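In order, the protein sequences belong to chains C and S. Under my numbering, the first sequence has 272 at position 272, and the numbering climbs by one with no breaks. Under my numbering, the second sequence has 350 at position 66, and the numbering climbs by one with no breaks. Ideal Cβ positions, reconstructed from N, Cα and C, are used throughout, including at glycine. From a predicted model like this one, the values you see are computed outputs, not experimental measurements. Structure first, then comments.
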Amino acid sequence: MTTAASRPARGPLALLRRAALYTVLAALAAAILVPFGWMVSASLKRNNEVLTIPVRWIPKDLQWHNFADIWAKIPLGTYLGNTVLLSLAITFLQVLTGSFAAYGFAKVRFRGRDTLFLAYVATIAVPWQAYMIPQYILMQKAELTDTFWSLILLQAFGAFGVFLMRQYYLTIPDELCEAARVDGLSEYGIWARIVLPLSKPALASLALLTFVNTWNDYMGPFIYLTSNDLWTIQLGLRSFVGQFDADYAMIMTGSVLSVLPIAVIFLLGQRYFIQGIATSGMKG
Amino acid sequence: MAHPPTARSRRGLRTTLIGWSFILPNFLGFALLTLVPMLAAFVLSFMDWDSYNPPEWVGLKNLERLLDDESTKVALRNTALYALGHVPLTALAALALALLLNRRMAGVGFFRAAAFFPYVTSMVAVAVVWNMLFNPSFGPVNQFLHLLGVENPPGWTTSTDWAMPAVVLTSVWRDMGYYMVLFLAGLQAIPQEHYEAARVDGAGPWQRFRAVTLPGLRPVTFLVLILLTVQSFKVFDLIVVMTDGGPGRATLVLSQQIYRQGIIEGEFGYASAISLVLFLLVLVLTLIQFWFNNRGER
Chain C
1 MTTAASRPAR GPLALLRRAA LYTVLAALAA AILVPFGWMV SASLKRNNEV LTIPVRWIPK
61 DLQWHNFADI WAKIPLGTYL GNTVLLSLAI TFLQVLTGSF AAYGFAKVRF RGRDTLFLAY
121 VATIAVPWQA YMIPQYILMQ KAELTDTFWS LILLQAFGAF GVFLMRQYYL TIPDELCEAA
181 RVDGLSEYGI WARIVLPLSK PALASLALLT FVNTWNDYMG PFIYLTSNDL WTIQLGLRSF
241 VGQFDADYAM IMTGSVLSVL PIAVIFLLGQ RYFIQGIATS GMKG
Chain S
285 MAHPPTARSR RGLRTTLIGW SFILPNFLGF ALLTLVPMLA AFVLSFMDWD SYNPPEWVGL
345 KNLERLLDDE STKVALRNTA LYALGHVPLT ALAALALALL LNRRMAGVGF FRAAAFFPYV
405 TSMVAVAVVW NMLFNPSFGP VNQFLHLLGV ENPPGWTTST DWAMPAVVLT SVWRDMGYYM
465 VLFLAGLQAI PQEHYEAARV DGAGPWQRFR AVTLPGLRPV TFLVLILLTV QSFKVFDLIV
525 VMTDGGPGRA TLVLSQQIYR QGIIEGEFGY ASAISLVLFL LVLVLTLIQF WFNNRGER
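Structural data, given as structure tokens:
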């Protein structure tokens, strides 16, 4: 009896239910993705065609030249270059120091380790806004405001990376490290040759999450970067909206260009994003 | 003759040093740029300090000023309102998505990715698009409401009453995919045998949901609610780009107030006092949730 119930039933009724489910899901996905459709559609319109009644979802003639014109309106190349540089530097340092520290927390037993780790985890729950003023004063005294260094230093040593990597290292059996120790490998050798190669999925998760977070970060650059030639794509887009607030089509063109790199990265590494979030959440 | 205790303590010292050598590169940055500022923020809350004058201890003066400052009080109320909308709506939407997408079927990966995608796109692009969608006279949202027969659709971000709901709706849309992933992980951790057992006992789908799914999701729900609360109280990017606190002060939130007082005005002491209040609020709410969770588990 129970086996029959748990196996997917066949017949016209089941088929109908399946079709209904797919319809609901497709409608839902469409509703969730509507804003992106609007964005792409508006980016290919003439400016006076964006806000119309009724909405024309497919532009009459596609204005591909919007994507060429925008580069002359704002220094998009500089903004993109700055964003790539910052995202890469922060991601590299976060993954390196995070995965290194995680080994100390997961595989080396010493006094005070767990207390220290608790302090790390506790800070993840503290809103950044609660201590951003002293950070700002510190950066001001060090004369690092309005440089990339301020953002790199502030974001590269986050506790999140340590936490994520440690959770993954805990799933690597200790016997493996023990065997390597017997073979005469030092702790640093075990980290570099055994643990690190085994944790590629976690490294990918951390790298992608950090990269995307830095790419999308608004508040950090907003506070620290005042010179136009240091701006990231987010600041550039925001200032463009402020300057040309009626230039709807062009604003959407800029938005598409700012989201496109992330969309590509997301499509390629989707499963690492989701695994990273699931593992960091599950054991917290 | 060897002295085992000394040998052991020497080995202990060696492993301690090795352990610390791994942690140190990250810890130096973490201590200097996170721990120290956290402690400094606490001390600064009780000081008067701007960029020109040396710091001076003033006790509770900053907190008293905070109680008299209309803007800060408005920001506090708006932040609470935002959290009140954002936390339950996002949690419910995320749970619904997870329940709907927790099945083995062709194409489920695509639907999950679609739900998650808004979360990885930048706040600026999201805020800019939704501002247009919410355009009172030409936006598709109000056109849709017209279609449904709503005579006077709201003015959304141009109206003091509807700006906050517009911001909340946008944030729910953006964040629900993230929490869906957490709920999905929670659903998959519920042992399949529990469902089988409930079925043998003759429980229908709704009873199985009440008796197996909801209790099984308890730890994840607790985590989601805590993360959402922290996230709500630090909202900044979305508001700055979408409404910049307006119209008037209708969507002014605490983080903006900290930014304006501390970084624009250079009132480090006062801004730190506001951030202390923000921190204490989050702390108290987290502790209440812990308390509820522990009570329920007994």
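Residue(s) in a DSSP beta bridge with residue i
{"i": "E340(S)", "result": "D332(S)"}
Beta-carbon proximity list for residue i, same chain, < 6 angstroms, skipping 5 on both sides
{"i": "Q545(S)", "result": "E551, Y554 and A555"}
{"i": "Y224(C)", "result": "T145, S150 and L151"}
{"i": "D459(S)", "result": "T374"}
{"i": "S102(C)", "result": "It should be pointed out that residue 102(C) corresponds to Ala in this sequence rather than to Ser. V162, M165, R166 and Y169, listed in sequence order."}
{"i": "A286(S)", "result": "Caution is warranted here: a pLDDT of 46 is assigned to A286(S), below 50, making its placement in the model unreliable, and no coordinate value can be reported."}
{"i": "L93(C)", "result": "A156"}
{"i": "W57(C)", "result": "S41"}
{"i": "R388(S)", "result": "none"}
{"i": "S99(C)", "result": "M165"}
{"i": "D332(S)", "result": "E340, V342 and G553"}
{"i": "R294(S)", "result": "none"}
{"i": "M252(C)", "result": "M39, A42 and S43"}
{"i": "H370(S)", "result": "V452, S455 and S516"}
{"i": "L379(S)", "result": "F467"}
{"i": "I635(S)", "result": "No statement about residue 635(S) is possible, as the shown extent of chain S runs from 285 to 582 and does not include it."}
{"i": "F211(C)", "result": "S87 and T91"}
8 angstroms CB neighbourhood of residue i in its chain, flanking five on each side removed
{"i": "T279(C)", "result": "L164, Q167, Y168, A202 and S205"}
{"i": "A447(S)", "result": "W440, T441, T527, G530, P531, A534 and T535"}
{"i": "F520(S)", "result": "V537, S539, Q540 and Y543"}
{"i": "G474(S)", "result": "Here residue 474(S) is Ile; the residue named in the question, Gly, does not match the sequence. Only V496, T497, G500 and L501 meet the Cβ criterion."}
{"i": "R492(S)", "result": "Y479, A482 and R483"}
{"i": "L235(C)", "result": "Y79, Y218, P221, F222 and L225"}
{"i": "C177(C)", "result": "K107, I190, I194 and V195"}
{"i": "M1(C)", "result": "For M1(C), the predicted model reports a pLDDT of 34, less than 50, meaning its position is unreliable; a value from the coordinates is still stated below. For M1(C), where only same-chain residues beyond five positions count, there are no Cβ hits under 8 angstroms."}
Presumed contact (8 angstroms Cβ cut-off) between residue i and residue j, rounded CB distance
{"i": "F314(S)", "j": "P127(C)", "result": "17 angstroms between Cβ atoms; not a contact."}
{"i": "I268(C)", "j": "G254(C)", "result": "Residue identity differs from the one stated: residue 268(C) is Leu in this sequence, not Ile. Not a contact, Cβ separation roughly 23 angstroms."}
{"i": "A180(C)", "j": "I190(C)", "result": "5 angstroms"}
{"i": "A42(C)", "j": "A263(C)", "result": "At roughly 17 angstroms, the Cβ-Cβ gap does not stay under 8 angstroms, so A42(C) and A263(C) are not in contact."}
{"i": "Y131(C)", "j": "P321(S)", "result": "4 angstroms"}
Close beta carbons around residue i, own chain, < 7 angstroms, minus the five adjacent residues each side
{"i": "F506(S)", "result": "Q573 and N577"}
{"i": "F418(S)", "result": "V425, W440, T441 and A450"}
{"i": "T83(C)", "result": "W215, T232 and I233"}
{"i": "L567(S)", "result": "none"}
{"i": "V292(C)", "result": "With chain C covering only 1 through 284, there is no way to say anything about residue 292(C)."}
{"i": "Q275(C)", "result": "P201 and S205"}
{"i": "I510(S)", "result": "T570 and Q573"}
{"i": "A4(C)", "result": "Any reading at A4(C) must be qualified, since the residue scores a pLDDT of 40, below 50, and its modelled position is unreliable; the value itself is stated next. Hits under 7 angstroms: none found."}
{"i": "L88(C)", "result": "none"}
beta-carbon residue i near the ligand GDP non-hydrogen atom, thresh 8 angstroms
{"i": "R533(S)", "result": "In the structure on display, the ligand GDP does not appear, and there are no ligands present to speak of."}
Interface residues of chain B facing residue i [CB-CB closer than 8 angstroms]
{"i": "N228(C)", "result": "Protein chains C and S are contained in the structure displayed, whereas chain B is not."}
Practice prompt. Please specify which runs of the alpha helix (DSSP H), each continuous and at least 4 residues long, are wholly inside the stretch 502-573 of chain S, giving them in chain order.
Written response: Look at the stretch 502-573 of chain S and you find these whole runs of alpha helix (DSSP H), each 4 residues long or longer: 502-517, 521-526 and 538-542.
Worksheet entry | Residues of the stretch 78-93 of chain C whose Cβ lies closer than 9 angstroms to any Cβ of chain S, in chain order | Correct list: L93.
Worksheet item: Which parts of the stretch 453-500 of chain S are runs of the alpha helix (DSSP H), unbroken and 4 residues or longer, counting only runs that do not cross its ends?
Response: 476-484 and 489-492
Discussion item. Along the stretch 54-70 of chain C, where does the CB come closer than 8 angstroms to a CB of chain S? Name the residues.
Written reply: P54 and V55
Worksheet item: When you check each C-beta in the stretch 171-197 of chain C against every C-beta of chain S, which residues fall closer than 9 angstroms?
Response: S186, E187, Y188 and W191
Worksheet item: Between the stretch 427-441 of chain S and chain C, which residues of the former have CB atoms less than 7 angstroms from a CB of the latter, in chain order?
Response: Q427
Discussion item. Output needed in chain order: residues of the stretch 23-43 of chain C with a Cβ under 9 angstroms from some Cβ in chain S.
Written reply: V24, L25, A26, L28, A29, A30, I32, L33, V34, P35, F36, W38, M39 and A42
Worksheet item: Any residues in the stretch 398-415 of chain S with a beta carbon nearer than 8 angstroms to a beta carbon of chain C? Which ones, in chain order?
Response: A398, A399, F400, F401, P402, V404, T405, S406, M407, V408, A409, V410, V412, V413 and W414
Worksheet item: Closer than 8 angstroms, Cβ to any Cβ of chain C: which residues of the stretch 519-543 of chain S, in chain order?
Response: F520, D521, V524, V525, L538, S539, I542 and Y543
Practice prompt. Closer than 8 angstroms, Cβ to Cβ, to anything on chain C: give me those residues from the stretch 471-496 of chain S, in chain order.
Written response: A473, E480, R483 and V484
Practice prompt. Name, going along the chain, the residues of the stretch 124-139 of chain C whose beta-carbon falls closer than 8 angstroms to a beta-carbon of chain S.
Written response: A125, V126, P127, W128, Q129, A130, Y131, M132, I133, P134, Q135, Y136, I137 and L138
Fill in: Residues in the stretch 502-519 of chain S having any Cβ partner in chain C nearer than 9 angstroms
Taking 9 angstroms as the upper bound on Cβ-Cβ separation, chain C lies near residues P503, V504, L507, V508, I510, L511, V514, Q515, F517 and K518 of the stretch 502-519 of chain S.
Worksheet item: Quick one, which residues of the stretch 256-273 of chain C are near chain S if we go by CB-CB under 9 angstroms, in chain order?
Response: V256, S258, V259, I262, A263, I265, F266, L267, Q270, R271 and F273
Discussion item. So within the stretch 202-281 of chain C, which uninterrupted alpha helix (DSSP H) runs reach at least 4 residues, ignoring any that extend past its ends?
Written reply: 219-224 and 233-243
Worksheet item: Using a Cβ cut-off of 8 angstroms, which residues of the stretch 562-581 of chain S contact any Cβ in chain C, in chain order?
Response: L562, F563, V566 and T570
Discussion item. Going residue by residue through the stretch 91-129 of chain C, where are the continuous alpha helix (DSSP H) segments of at least 4 residues, counting only ones entirely within it?
Written reply: Annotation: the stretch 91-129 of chain C contains the following complete segments of the alpha helix (DSSP H) (minimum length 4 residues), in chain order: 113-124.
Discussion item. At a CB distance below 8 angstroms, what residues from the stretch 342-356 of chain S approach chain C? Give them in sequence order.
Written reply: none
Item to complete: Determine which residues of the stretch 98-112 of chain C have a Cβ less than 9 angstroms from any Cβ of chain S, and write them out in chain order.
Response: G98, F100, A101, A102, Y103, G104, F105, K107, V108, R109, F110, R111 and G112
Worksheet item: Relative to chain C, which residues along the stretch 357-378 of chain S have a C-beta separation below 7 angstroms, given in chain order?
Response: none
Worksheet entry | Proximal residues, the stretch 201-216 of chain C versus chain S, C-beta separation under 8 angstroms | V212, W215 and N216
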